[in-house]
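Numbering of the sequence shown is given in my numbering, commencing with residue -15 and proceeding in unit increments.
Quick notes on the structure that follows.
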Amino acid sequence: MTGEEVKDLTEKYVMKTYNRLPLVPVKGEGARLWDENGKEYLDFVGGIAVNSLGHSPARVVDAMYEQARSLMHVSNLYYIESQARLAQLLVENSCCDKAFFCNSGAEANEGAIKLARKYAKNKGNQDKYEIITALQSFHGRTLATITATGQPKFQKGFEPLPEGFNYVPFNDLDALKNAVGPHTCAIMLEPVQGEGGVNPAYTSYLEGVKSLCRENDLLLIFDEIQCGMGRTGALFAYESYGVEPDILTLAKALAGGFPIGAVLAKEKAAAFGPGDHAATFGGNPVACAAGVAAVESLLEENFLKKVNESAGYFKKKLNELAQKHDQVKEVRGLGFLLGMELNIEGKDIVKSCQDNGLLINCVNGNVLRFIPPLIVRQKEIDTAIDILDKVLAG
Ligand SMILES: *Cc1c(COP(=O)(O)O)cnc(C)c1O
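See below:
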């Protein structure tokens, strides 16, 4: 099929929920991507923080292939080896004690929301159900998770929304203290807001939130769907802050490019019992085999050390561009979750970068977001910076 045919079929038969760029990728390797005309791109979108190990990472592909050949799916009526192994890996390398597997980020957050409500009910708090989230947050597209998402544009047209959510400005501890009430059961935050414009939390803020949770018997939920799995330079973003959540949600990069989601919880917060929650495909053998291979890759000696080095190098280079170009207001973020806020619209910059062989995207209208594979090479970073420099110069 030609690229034109792919576009035509998509326009004709697929619901128009995405504004797609005119690009039909057909092959990927490492941090590079090729379209149907053989044109090469540096991919600093990485499937939106999914392709952390690069495109089609051999170790993950091999693990999936081997698993699929022996057993592709069984139900959770039975025990699943790769699911048990992935749970063990995640628990042994995090502050949590138990895992639940599902298939996407929204589903993981949906599970976390149910878990927090169940925790309160199990403790006899029948009227504790409210979850406080941050403005500019993003937690997914199911009804409960668009409601958790503190941005009206994702909620418009889908009313009535489920009850039990309340919003506060991000990084404002006083606002949060004032928002806690008799119905509050949990606080849910992204340590680094991704879709909301690449906004990192202040360490003092998260520390304050943790104390507030402890004082009021609230659960602290960290949505690390975008900022987890090595993205900030630590295996989990909470480690970059030294503040442990009670519930941690993961998805995106967890299985190196294959669909998966997970809810991790500390023992005291693991409130589900048999029948409380389920997903037919959750903990699927192939997804979990991919997850094991992906997590083991991140845990390889020196892997995260190298991520920190190359991400530090990239941020330094972005800051040099900020000095040089008047359109740049600020560079911010942690590890390889970086944003460049402009004082102009970002759309045309994204387009010009694509024309010049660099894929990036833009959040919040004017924040260029850089979320390359964590394995991106220094030479590739240099090329990306050169392209951006040229594009910003007009
Ligand atoms: C992408 C994302 C989600 C939603 O994940 P899906 O897999 O698209 O449902 C939730 N929270 C955060 C922080 C995300 O970045």
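For every residue, glycine included, the Cβ atom is placed at its ideal position computed from N, Cα and C.
Using the three-state DSSP reduction, which class does residue i fall into: helix, strand or coil?
i, result
"Pro136", "helix"
"Asn162", "helix"
"Thr233", "strand"
"Gly296", "helix"
"Ile205", "strand"
"Met(-15)", "coil"
"Glu228", "coil"
"Met324", "strand"
Do residue j and residue i count as a contact pair if the criterion is CB distance below 8 Å?
i, j, result
"Glu179", "Cys211", "no"
"Leu17", "Pro9", "yes"
"Val44", "Ala274", "yes"
"Gly89", "Ile115", "no"
"Ser54", "Gly240", "no"
"Leu288", "Gly181", "no"
"Ser294", "Pro41", "no"
"Cys337", "Leu372", "yes"
"Val279", "Ala52", "no"
"Val312", "Leu326", "yes"
"Phe298", "Ile344", "no"
"Val375", "Ile333", "yes"
"Asp230", "Ala263", "no"
"Glu50", "Gly341", "no"
What I want to know is whether the C-beta of residue i ends up closer than 7 Å to one or more non-hydrogen atoms of ligand 1.
i, result
"Ser224", "no"
"Gln120", "no"
"Arg125", "yes"
"Ala104", "no"
"Gly89", "yes"
"Gln135", "no"
"Ala128", "no"
"Ala96", "no"
"Ile209", "yes"
Looking only at its own chain, which residues have a Cβ that is under 8 Å from the Cβ of residue i, when we skip the five neighbours before and after it?
i, result
"Asp46", "Ala277"
"Ser78", "Leu219, Phe220, Leu232 and Leu248"
"Asn200", "Val164 and Thr168"
"Leu196", "Leu157, Leu160, Lys161, Val164, Ile171 and Leu202"
"Val75", "Asp81, Lys82, Ala83 and Leu248"
Given residue i, which residues of its chain have a CB within under 7 Å of its CB, disregarding the five upstream and five downstream residues?
i, result
"Lys194", "Leu204 and Val227"
"Gly267", "Asn60, Ile64, Gln67 and Phe85"
"Gly330", "Cys346, Gly349, Asn350, Val351 and Leu352"
"Gln120", "Gly134, Gln135, Phe154, Gln177, Gly180, Gly181 and Asn183"
"Gly192", "Leu157"
"Thr131", "Gln139, Leu145, Pro146 and Phe149"
If I'm right that residue i touches residue j with Cβ under 8 Å, what's the distance once you round it to whole angstroms?
i, j, result
"Ala118", "Ala235", "Between Ala235 and Ala118 the Cβ distance is about 19 Å, and since that is not below 8 Å, they are no contact."
"Ala377", "Ala246", "Between Ala246 and Ala377 the Cβ distance is about 43 Å, and since that is not below 8 Å, they are no contact."
Considering only residues of the same chain and omitting the five flanking positions on each side of residue i, which have a CB-CB separation below 6 Å?
i, result
"Thr126", "Ala90 and Glu94"
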